[in-house]
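Chains as they are written, first to last, in my numbering: chain A, 1 to 144; chain B, 1 to 144.
Protein chains: 2
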Amino acid sequence: MKARAKKPPQSMDDAQYAGLAGFRRALRQLMADSERICGAAGLTTQRFQALLAIRAAADGSMSIGALAEELVLRHHSAVELVGRLELAGLVQRQSDPQDKRRVIVSLTRQGAARLDELAREHAKGLSENRDIIIASLTALPETD
Amino acid sequence: MKARAKKPPQSMDDAQYAGLAGFRRALRQLMADSERICGAAGLTTQRFQALLAIRAAADGSMSIGALAEELVLRHHSAVELVGRLELAGLVQRQSDPQDKRRVIVSLTRQGAARLDELAREHAKGLSENRDIIIASLTALPETD
DNA sequence: TATCTTGCATCGTGGTACGATATAAAAATA
DNA sequence: TATTTTTATATCGTACCACGATGCAAGATA
Numbered sequence: 001m002k003a004r005a006k007k008p009p010q011s012m013d014d015a016q017y018a019g020l021a022g023f024r025r026a027l028r029q030l031m032a033d034s035e036r037i038c039g040a041a042g043l044t045t046q047r048f049q050a051l052l053a054i055r056a057a058a059d060g061s062m063s064i065g066a067l068a069e070e071l072v073l074r075h076h077s078a079v080e081l082v083g084r085l086e087l088a089g090l091v092q093r094q095s096d097p098q099d100k101r102r103v104i105v106s107l108t109r110q111g112a113a114r115l116d117e118l119a120r121e122h123a124k125g126l127s128e129n130r131d132i133i134i135a136s137l138t139a140l141p142e143t144d
Numbered sequence: 001m002k003a004r005a006k007k008p009p010q011s012m013d014d015a016q017y018a019g020l021a022g023f024r025r026a027l028r029q030l031m032a033d034s035e036r037i038c039g040a041a042g043l044t045t046q047r048f049q050a051l052l053a054i055r056a057a058a059d060g061s062m063s064i065g066a067l068a069e070e071l072v073l074r075h076h077s078a079v080e081l082v083g084r085l086e087l088a089g090l091v092q093r094q095s096d097p098q099d100k101r102r103v104i105v106s107l108t109r110q111g112a113a114r115l116d117e118l119a120r121e122h123a124k125g126l127s128e129n130r131d132i133i134i135a136s137l138t139a140l141p142e143t144d
């Protein structure tokens with residue numbers, strides 16, 4: 001057993017809190033920018049991320065389950081998200097011939113166009129901000 | 001004027017989409033981890049971030065307006081968030097003597113203890129994941 | 001065929017942020 | 001000083017979104 005106190009294995013100091021807070025601030029800023037870009041196009045960031053994930057998938061399409069896993073969502077949350085995207089005309093469902101339980105989701109022409117516009121803006125913002133993110137990450141003090 | 005087409009200033013290619021999608025995936029993973037840690041302690045990530053921001057502030061306290069700006073929220077959204085934190089016994093309001101319009105928010109003893117526990121877990125997880133984030137960022141193809 | 005597993009869908013609920021609006025204090029101006 | 005404007009917090013109704021619980025259909029297994 002160690003000699004040090006066991007319950008509070010030593011509190012974080014101000015510098016560690018500052019580092020952690022700084023990183024979260026950078027992330028919030030990044031996400032706020034993303035929300036602004038998406039919002040201007042009438043989308044939420046989740047919808048944008050769904051479109052992006054589908055576009056970046058192997059053949060440009062994914063099952064709902066795969067999308068759920070990619071987005072770290074429950075199956076039925078992905079179902080609802082795809083439902084909203086379909087209603088907006090950005091994606092289309094189609095039953096998988098191999099396994100009729102599966103539903104394959106792919107971008108519509110409109111969805112692909114909308115995504116491309118947003119993705120370019122995001123990429124531009126990221127190349128401007130990535131140094132800040134990396135700085136805030138590398139500035140994180142070691143915890144032990 | 002440039003000779004290139006002006007409307008679609010050239011679409012993003014697969015590699016660019018993969019890079020962008022990879023970065024977002026890393027972020028989602030990070031946030032999902034954070035949600036898991038916070039959830040186990042009965043908090044949302046927003047509440048955690050609010051506690052963290054207050055703790056990291058100059059003298060361990062902030063006005064509601066300052067918190068709103070820090071969290072990239074509207075004033076009244078911060079009001080509500082602070083209300084929920086106060087109800088949970090994690091922060092306390094106190095009127096600013098200098099400017100009686102202001103309300104100063106600070107952590108309660110319980111809030112500080114809860115935050116410290118969560119912050120240490122986050123810091124631990126971050127030092128494991130930051131390389132992934134940095135890698136996904138540096139792997140981003142240049143857009144122009 | 002009977003049972004189990006997997007994948008998608010539906011419904012009701014809760015949390016959270018927002019716009020619109022209100023109230024009070026401070027600052028600016030007449 | 002009195003009036004107006006600005007600033008800071010608060011309240012209310014609305015909408016979005018993810019979740020748990022549950023259901024249904026298709027495939028897998030016995």
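Where is the CB? At the ideal position from N, CA and C, for every residue including glycine.
#1: Expressed to the nearest angstrom, what Euclidean distance is found between the alpha-carbon atoms of E142/B and A56/A?
#2: Could one say the Cβ of I132/B lies closer than 8 Å to chain A's Cβ atoms, at least one of them?
#3: Determine which residues share a DSSP beta bridge with Q92/B and list them.
#4: My assumption, with CB atoms under 8 Å, is that G111/A sits in contact with L90/A. Please give the rounded CB distance.
#5: Output, in chain order, the set of chain A residues within a Cβ distance shorter than 7 Å of L71/B.
#6: Between the C-alpha atoms of A119/A and G83/B, what's the straight-line distance to the nearest angstrom?
#7: Listed from N- to C-terminal order along the chain, which residues in the stretch 93–108 of chain B have their beta-carbon within a distance smaller than 7 Å of any beta-carbon of chain A?
#8: Could you compute how far the alpha carbon of K124/A sits from the alpha carbon of R24/B?
#9: When the distance is taken between beta carbons, is S63/B closer than 8 Å to D96/B?
#10: Taking M62/A as the query, report the chain B residues whose CB atoms sit under 9 Å from its CB, ordered along the chain.
#11: According to the neighbour-count rule (16 or more other Cβ atoms, all chains shown, within 10 Å of its Cβ), is G19/A buried or exposed?
#12: Select from the stretch 38–56 of chain B all residues with a C-beta closer than 8 Å to any C-beta belonging to chain A, and list them in chain order.
#13: Would you tell me roughly how many angstroms separate the C-alpha atoms of D33/A and Q94/A, rounded to the nearest one?
#14: So Q92/A and S77/A are supposed to be a Cβ contact under 8 Å. How far apart are they, rounded?
#15: Taking buried to mean at least 16 other C-beta atoms within 10 Å of its own C-beta, is R101/A buried or exposed?
#16: Taking M62/A as part of the beta strand (DSSP E), name the residues at either end of that continuous run.
#17: Kindly indicate which residue of G60/B, Q29/B and L67/B has the alpha-carbon position closest to the one of R47/B.
#18: If you draw a straight line from the C-alpha of S136/B to the C-alpha of A58/B, how long is it?
#19: Could you tell me the alpha carbon to alpha carbon distance between I133/B and A26/B, rounded to whole angstroms?
#20: To be precise: take each residue of the stretch 74–93 of chain A, compare its Cβ to all Cβ atoms of chain B, and keep it if any distance is under 7 Å. Which residues remain?
#21: Could you check what DSSP says for T138/B in three-state terms: helix, strand or coil?
#22: Is the separation between the beta-carbon of L52/A and that of L126/B shorter than 8 Å?
Well, looking at it:
#1: For the purposes of this step, residue 142/B is identified with residue 142 of the second sequence, where counting begins at 1. For the purposes of this step, residue 56/A is identified with residue 56 of the first sequence, where counting begins at 1. Cα-Cα distance, rounded: 17 Å.
#2: Your numbering for residue 132/B matches position 132 in the second sequence. Taking Cβ atoms only, chain A never reaches closer than 8 Å to I132/B, which makes this a no.
#3: In the second sequence, counting from the first residue as 1, residue 92/B sits at position 92. S106/B.
#4: Within the first sequence, numbered from 1, the residue matching residue 111/A stands at position 111. Within the first sequence, numbered from 1, the residue matching residue 90/A stands at position 90. With 8 Å as the limit, G111/A and L90/A qualify as a contact, their Cβ atoms being about 3 Å apart.
#5: Here residue 71/B refers to the residue found at position 71 when the second sequence is read from its first residue. Going along chain A in sequence order, the residues near L71/B (Cβ under 7 Å) are R28.
#6: If you number the first sequence from 1, residue 119/A lands on position 119. If you number the second sequence from 1, residue 83/B lands on position 83. Cα to Cα, the separation comes out at about 37 Å.
#7: none
#8: The residue given as residue 124/A occupies position 124 in the first sequence. The residue given as residue 24/B occupies position 24 in the second sequence. Taking the straight line joining both Cα atoms gives about 15 Å.
#9: If you number the second sequence from 1, residue 96/B lands on position 96. If you number the second sequence from 1, residue 63/B lands on position 63. Cβ distance < 8 Å, so D96/B and S63/B count as in contact.
#10: Reading the first sequence from its first residue, position 62 is the one you call residue 62/A. Under the 9 Å cutoff, chain B gives no residues; its nearest Cβ is about 11 Å from M62/A.
#11: Residue 19/A sits at position 19 when you count from the first residue of the first sequence. With 16 or more Cβ atoms within 10 Å of its Cβ, G19/A is classed as buried.
#12: Q49, L52, A53, R55 and A56
#13: On the first sequence, residue 33/A is found 33 positions in, with the first residue counted as 1. On the first sequence, residue 94/A is found 94 positions in, with the first residue counted as 1. Roughly 33 Å separates the two Cα atoms.
#14: Stepping through the first sequence from its first residue, residue 92/A is reached at position 92. Stepping through the first sequence from its first residue, residue 77/A is reached at position 77. Contact flag wrong, Cβ pair sits at about 19 Å.
#15: Taking the first residue of the first sequence as 1, we reach residue 101/A at position 101. Exposed, because fewer than 16 other Cβ atoms sit within 10 Å of the Cβ of R101/A.
#16: Within the first sequence, the letter at position 62 stands for residue 62/A. S61 to S63 is the span of the beta strand (DSSP E), which, as asked, contains M62/A.
#17: The count along the second sequence starts at 1 and reaches residue 47/B at position 47. If we check each option's Cα against that of R47/B, L67/B comes out closest.
#18: As a working note, residue 136/B is residue 136 in the second sequence. As a working note, residue 58/B is residue 58 in the second sequence. Rounded to the nearest angstrom, the two C-alpha atoms are 33 Å apart.
#19: As a first step, residue 133/B is located in the second sequence; it is residue number 133 there, counting from the start. As a first step, residue 26/B is located in the second sequence; it is residue number 26 there, counting from the start. Whole-angstrom Cα-Cα distance: 6 Å.
#20: none
#21: Position 138 of the second sequence, counted from the start, is the residue given in the question as residue 138/B. Note: T138/B maps to helix in three-state DSSP.
#22: On the first sequence, residue 52/A is found 52 positions in, with the first residue counted as 1. On the second sequence, residue 126/B is found 126 positions in, with the first residue counted as 1. No, the pair does not count as a contact, with Cβ atoms beyond the cut-off.
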